[in-house]
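So this note's numbering is basically just the index in the sequence shown, starting at one, shifted up by 39.
This report concerns only the one structure given below.
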Amino acid sequence: MIRTLKKQLFNSQFFLPFTLLLSLVVFFLFASLLNSAFFIYLVAGLLITIFYLIRLNGHLTRYKAEADLQIQNLYEQRNLLDAEMDKESASIQSFRKKIINYSHLKGLTERLNMCLYTEDTSRALSAEVNKMFGEKETMIILYLLHSKTGELGISISHKGQMKINIKSKKGDIFDQWLVKNMQPLLIEDTKSDFRFDLDKVVSEDPRDIRSMISVPLMIGNKALGILRVDSPKPDQFDTEDLRLLTTIGDLGAVAIENAQLFERVERLAIRDGLTDLYLRRYLMSRLPQEINRHMRGGTQLSFLMLDLDKFKQYNDQFGHMAGDIVLRTVGVVLAEFLDRPGNLVCRYGGEEFAVLLPECPKSKAVEIAEEIRERISQQTVILRREKTNITASIGVATFPVDAHSKEELIDKADQALYKAKSEGRNRVCAA
């Protein structure tokens, strides 16, 4: 206990005054023993001095404690200022990011306004999304809903500048959830999201998807598709990202609807409303281009003129509705059989049809015409409960074998058609 007391004493702030006082007491006792007035006065003066030193030491100690407290308060204030500065810095960074995003949105709006077709709109939309989210190793996917079947179909998918092939062409469980609920979806980590079975996702598509944001493309209550951003890393997106993608989706939905409307109007302008084949004026605009292209390439371009045999009898015997049925039937046969890149099938007028076969020599064109004639003759239509067969006569002409201009090519094919008619119908004749 004595050792502890000594330790506390020597470590205390009163160690110096206590030592001086103890020395003076000893000195005072020594002076008393000597009975010397000088020593007594000296000790008294020293005692007074020590008294003021002790008071001064107390003041200094109190001032030191107050200074320590002020320093501690200053440290706390500095920490608060540092936290406030960090907060302000984050706010400034967020504000800068918003300015950049608004700039991208402005650019997206301007770019979408210049797109007339759905394909161009899809590319522009995905490119701008890639600018905003591409630094996170993300994959951009745009699905569009088929207007008739209501099924999802991939319009575009890429990672950075590289196109990606996706196994689930009609969407995975995330996309199906979005179609069902029609609301934005944020998944911070697919491995901890209870709404979805990750094993099922992996079995459907082996891509590593750890986080994602996805929004429906809506016009009113009408769904047009889905815009989605995936990442192989967890916690790559937050509510701000989802809010930004929702804004992009709203702009994209309007642009896609406008593009689809333009395509429908354009389709009506160049396609026949009854058979859905191209109109004659579209053929006339394309034919000179094709002739010039084949002239430069030194290849052959074949042209078929087709006329339905005794078509007037269908109208006279069964009425004009029956004639429309026959025309639609022939239109389907031609469209399905000639569904190849570059081929152009049109309703030339009345019961006449025309077919443009790029890079097709005359011998091959005659074979195709014969196949068309045979397929048409195999068609049976029921008109007023009567089974009726359809036949057609076809004329074939080829550039530059038979003609060297648009007018001459059409004229040669028309002459060959007239020859087929005069030789008994239901046959193919070449110029």
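Positions of the beta carbon are idealized from the N, C-alpha and C atoms, including for glycine.
Cβ neighbours of Q299 within its own chain (closer than 7 Å, five residues either side excluded): T157. With contact defined as three or more Cβ pairs closer than 8 Å, the region 297 to 311 and the region 398 to 414 are not in contact. If you look at L181, you'll find it in the beta strand (DSSP E) that goes 178 to 184.
Comparing alpha-carbon positions, the option among F438, I433, V440 lying closest to E462 turns out to be I433.
In the assembly as shown, K451 is a buried residue. Its beta-carbon has 16 or more other beta-carbons within 10 Å.
Between T427 and V420, the C-beta spacing is below 7 Å.
Residue state for M221 is assigned as coil, using DSSP reduced to three classes. If only uninterrupted beta strand (DSSP E) runs of at least 3 residues are considered, those enclosed by the region 298 to 384 are 340 to 347. Counting only the Cα atoms, I265 lies some 25 Å from K136. Counting C-beta pairs closer than 8 Å gives three or more between the region 436 to 447 and the region 327 to 340, which meets the contact rule.
Inclusion of T314 and R386 in the CB contact set at 7 Å is warranted, their separation being smaller than that value. With respect to the 7 Å criterion, F392 and L422 are not classified as neighbours on the basis of their beta carbons.
Taken through DSSP and simplified to helix, strand or coil, K272 comes out as coil. Here L181 has S161, S165, S194, I195, L266 as same chain residues with Cβ atoms under 6 Å from its own Cβ, once five neighbours each way along the sequence are excluded. For P400, the closest C-alpha among the options M360, Q339, D363, E447 is that of Q339. Judged by beta-carbon spacing, L290 lies beyond the 7 Å limit of S253, meaning their Cβ atoms are not closer than that value.
The secondary-structure analysis by DSSP pairs H98 with nothing; it has no beta-bridge partner.
L284 has its alpha-carbon roughly 10 Å from the corresponding atom of P255.
Straight-line measurement puts the Cα of E115 at about 39 Å from the Cα of S231.
Taken atom to atom, the span from the alpha-carbon of F233 to that of Q275 is near 18 Å. Between the C-alpha atoms of L373 and N169 there is a straight-line separation of about 42 Å. If you draw a 10 Å sphere on the C-beta of M251, you find 16 or more other C-beta atoms in it, and that means buried. 7 Å or more divides the Cβ of D214 from the Cβ of P273. Counting every other CB atom within 10 Å of its CB across the protein chains shown gives M178 a total of 16 or more, marking it as buried.
With a 10 Å radius around the Cβ and a threshold of 16 neighbouring Cβ atoms, F90 comes out exposed. For E127, the number of other beta carbons within 10 angstroms of its own is below 16, and it is reported as exposed. Residue pairing of V293 in beta bridges, as defined by DSSP: absent, with no partner found.
Judged by their CB atoms, L347 and A431 are nearer to each other than the 7 Å cut-off. When C-alpha distances from M221 are compared across M257, E190, D247, K202, the shortest belongs to M257. According to the DSSP secondary-structure assignment, C468 is paired through a beta bridge with G434. Secondary structure at G288: helix, using DSSP grouped into helix, strand and coil. Looking at the DSSP output, N112 bridges to nothing.
Under DSSP, H197 shares a beta bridge with I179, K202.
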